[in-house]
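Which chain is which? The protein sequence lines are A and B, in order. In terms of the numbering used here, the first sequence is residues 23 to 326. In terms of the numbering used here, the second sequence is residues 23 to 326. All remarks here apply to the structure that follows.
There are 2 protein chains.
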Amino acid sequence: MHIVTSAMTVPENVVTNDQLAEIMPTSDEWIRTRTGIRERHIATAESNYSLGLSVSQQLLASANLDATQLDFIIVATMSPDYATPGEANRIQAAIGASSAFAFNINVACSGFVYAMHLADKLLQNGHYGIVIGSEVLSRLVDWQDRSTAVLFGDGSGGVLLKGDEAAAPVVDLLSLGDTDLSLKAGGEDKYFAMNGRAVYQFAIREVPNSIQRVLTQAEMVPDQIDWVLLHQANARIIESVAKKLQLPPERFLQNIADFGNTSAASIPMLLHQAIQAHTIQRGQQLVLSGFGGGLSVGTMLLRY
Amino acid sequence: MHIVTSAMTVPENVVTNDQLAEIMPTSDEWIRTRTGIRERHIATAESNYSLGLSVSQQLLASANLDATQLDFIIVATMSPDYATPGEANRIQAAIGASSAFAFNINVACSGFVYAMHLADKLLQNGHYGIVIGSEVLSRLVDWQDRSTAVLFGDGSGGVLLKGDEAAAPVVDLLSLGDTDLSLKAGGEDKYFAMNGRAVYQFAIREVPNSIQRVLTQAEMVPDQIDWVLLHQANARIIESVAKKLQLPPERFLQNIADFGNTSAASIPMLLHQAIQAHTIQRGQQLVLSGFGGGLSVGTMLLRY
């Protein structure tokens with residue numbers, strides 16, 4: 023398969039670190055130095071569905087494709103508007119994808135990479151599918167808890183994919199299920215609760231391992247990767263992964279400063295911005311790596 | 023792929039129609055004649071995770087398989103315990119499936135069939151995967167609303183699958199996204215809200231169409247199906263689908279009387295009971311058809 027085109031949408035409303043510091047004991051300096059985040063978009067009128075719909079409409083317009091040509095729509099999300107119907111089904115109806123099936127998947131921050139792997143398995147040559155990562159995490163944020171409230175943001179990104187005869191992307195997906203619930207949200211307590219240290223240690227250990235397994239499978243060395251697109255959880259994690267792989271940090275794309283952690287939406291948003299900026303060019307080797315809730319990790323090596 | 027073995031678990035607590043009639047204006051006779059339901063299991067101590075874990079443990083024990091041999095665990099659910107971690111990830115950790123990836127999908131009552139299709143795409147020859155449908159719908163039920171409270175139940179069922187060189191199961195998956203939200207749950211209103219008439223009309227039109235498309239693809243006639251396992255939403259829907267396909271109603275397995283509508287769990291529970299009872303035998307042609315929230319439909323023709 024290959025990426026035909028990409029798109030993203032974020033809520034209009036921007037919340038800066040300084041604005042957060044007005045409602046809770048924190049500061050721009052504290053947040054920036056520990057996370058790399060300067061601001062995030064927080065939904066007001068927007069829903070998970072409306073964000074994902076906008077992404078889908080942009081994808082079709084940009085490729086000049088009729089929605090009836092889509093075989094499927096997959097939405098990766100941990101913050102759906104409803105238990106049912108899923109965002110994927112509502113988007114299918116709204117764009118008129120009359121031949122498509124649609125489903126939501128949830129693997130938290132790894133969701134987009136998992137959905138891309140499913141898309142690759144589902145796509146037949148010459149056929150089209152849409153994969154979206156979309157989140158309204160502000161719903162799951164306890165605005166009384168400064169340790170988590172500063173981290174998350176809302177947004178949506180996605181790609182239009184087309185099946186072809188190119189070799190399948192190389193993937194590494196792994197669950198490292200978390201019996202201590204060191205990263206949880208929803209349920210009776212409703213809000214994010216995180217053992218930040220445990221999740222950080224998990225990420226800087228398992229993400230390089232997963233990327234290394236993909237490279238071994240592909241018989242490549244780290245230096246052959248053009249761009250690494252990690253889930254944007256924390257700028258320090260990104261730096262640490264770069265160091266472990268002995269790659270220059272410049273190859274690790276970043277937009278966490280502007281959006282915070284948007285879970286399943288972070289990788290497709292990052293991808294779209296870099297494609298728009300012509301940073302990512304056709305033929306380049308991309309590594310997409312998602313990690314987080316589950317705990318889970320998922321890496322895909324993909325030629326753009 | 024083929025089904026190696028099956029399992030199910032329901033909560034201990036049984037709630038009869040008469041018990042419901044004590045807390046809301048309804049009656050056993052009203053519920054039975056309109057839905058076919060006599061009783062349902064409602065979770066008290068059990069969680070979605072604990073039900074799915076029990077199913078997974080039974081699957082491994084029954085096949086005498088070590089969890090480390092699993093490639094993946096997929097849980098179809100619209101009523102997860104948490105936004106993250108997903109049931110699939112927690113089960114992976116609890117059973118020690120150290121080489122598996124894991125994810126939840128949500129296509130409501132169609133979820134199990136969609137997950138089976140993904141499993142078929144993911145399974146390599148000789149490899150193993152688990153697919154579970156698991157629900158605690160009682161969480162989404164408004165016990166003040168007699169029109170929906172009588173319909174739903176909790177439970178979990180699943181299968182252990184093995185990849186082989188047999189022809190892939192024939193499937194038909196379709197989203198008929200529901201812009202009117204005629205079947206919704208979760209969100210701000212939290213509870214199930216349903217336009218029963220619209221959903222009923224959808225089901226008796228789209229389920230026979232989907233089954234017919236699968237048969238056409240497989241170049242088979244309805245009479246070549248040994249058993250039809252429909253999502254157990256309503257006994258009247260099952261009768262109507264049998265009539266439309268001109269098949270004897272005896273070929274449509276039923277357990278709705280004992281469990282109510284358990285969404286993604288209904289088909290694997292039905293499958294397990296019929297396998298246990300030797301009703302379903304090796305070599306027989308099964309049609310699994312899920313339908314509901316989304317709105318969505320999904321049908322799989324599978325040789326047991």
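All C-beta atoms in this analysis are idealised placements derived from N, C-alpha and C, irrespective of residue type, glycine included.
- Using beta-carbon distances, residue 312(A) does not count as an interface residue toward chain B, since no partner is under 7 Å.
- Within the DSSP bridge table, the entry for residue 309(A) names 250(A), 323(A) as partners.
- Look at residue 111(A): its C-beta is under 7 Å from a C-beta on chain B.
- In the three-state DSSP reduction, residue 153(B) falls in the strand class (E or B).
- Interface residue (Cβ-Cβ distance to chain B less than 7 Å): residue 213(A) is not classified as such.
- Inter-residue distance for residue 274(A) and residue 259(A) is about 11 Å (C-alpha atoms, whole angstroms).
- With respect to the 7 Å criterion, residue 321(A) and residue 232(A) are classified as neighbours on the basis of their beta carbons.
- Within chain A, no C-beta atom comes nearer than 9 Å to that of residue 232(B); the closest sits roughly 11 Å away.
- One finds 136, 195, 196, 197, 318, 320 in chain B with Cβ atoms closer than 8 Å to the Cβ of residue 123(A), taken in chain order.
- When the five nearest sequence neighbours on each side are left out, the beta carbons in the same chain lying within less than 8 Å of the beta carbon of residue 169(B) are those of 216, 218, in order along the chain.
- At a Cβ-Cβ threshold of 7 Å, residue 152(A) and residue 197(A) do not count as neighbours.
- The residue among 41(B), 68(B), 224(B) with its C-alpha nearest the C-alpha of residue 203(B) is 224(B).
- When C-beta distances to chain B are compared with 7 Å, the residues of the region 140-158 of chain A below that value are 140, 143, 144, in chain order.
- The closest CA to that of residue 272(B), considering only 75(B), 252(B), 280(B), is found on 252(B).
- Around the C-beta of residue 139(B), 16 or more other C-beta atoms lie within 10 Å, and the residue is accordingly described as buried.
- Bounds of the beta strand (DSSP E) holding residue 27(B) are 24-31.
- Using a Cβ-Cβ distance cut-off of 8 Å, the region 286-299 of chain A and the region 166-180 of chain A are in contact, since at least three pairs of beta carbons, one from each stretch, lie closer than that value.
- Residue contact with chain B for residue 206(A): present (Cβ-Cβ distance below 7 Å to some residue of chain B).
- Residue 291(B) sits in a helix when the DSSP states are folded into three classes.
- In this structure, the alpha-carbon of residue 237(A) lies about 54 Å from that of residue 37(B).
- For residue 242(A), the secondary structure class from DSSP, reduced to helix, strand or coil, is coil.
- For residue 104(A), the residues of chain B that pass the 7 Å Cβ criterion are 206, 207, 208, 209, in the order they occur in the chain.
- Residues of chain A whose Cβ lies closer than 7 Å to the Cβ of residue 108(B) are, in chain order, 128, 129, 316.
- A residue is called buried once 16 or more other Cβ atoms fall within 10 Å of its Cβ, and residue 299(A), having fewer, is exposed.
- Rounded to whole angstroms, residue 57(A) and residue 211(B) show a C-alpha spacing of 35 Å.
- Residue 216(B) carries a strand assignment under DSSP once its states are collapsed to helix, strand and coil.
- Between residue 114(A) and residue 105(A) a beta carbon distance of about 18 Å is seen, past the 8 Å cut, so the two are scored as non-contacting.
- In the displayed model, residue 36(B) falls within a strand according to three-state DSSP.
- Residue 114(B) has a beta carbon lying within less than 7 Å of a beta carbon in chain A.
- Close partners of residue 101(A) in chain B (Cβ separation under 7 Å): 105.
- Residue 174(A) sits away from residue 155(A), with the two beta carbons spaced by 7 Å or more.
- Relative to the Cα of residue 206(A), the nearest Cα in the group 109(B), 283(B), 317(B) belongs to 109(B).
- The bridge partners DSSP lists for residue 62(B) are 37(B).
- Between the C-alpha atoms of residue 150(A) and residue 285(B) there is a straight-line separation of about 29 Å.
- Bounds of the alpha helix (DSSP H) holding residue 134(A) are 133-144.
- Its chain contains 256, 258, 259 as the residues whose beta carbon lies nearer than 8 Å to that of residue 222(A), once the 5 sequence neighbours on both sides are disregarded; these appear in chain order.
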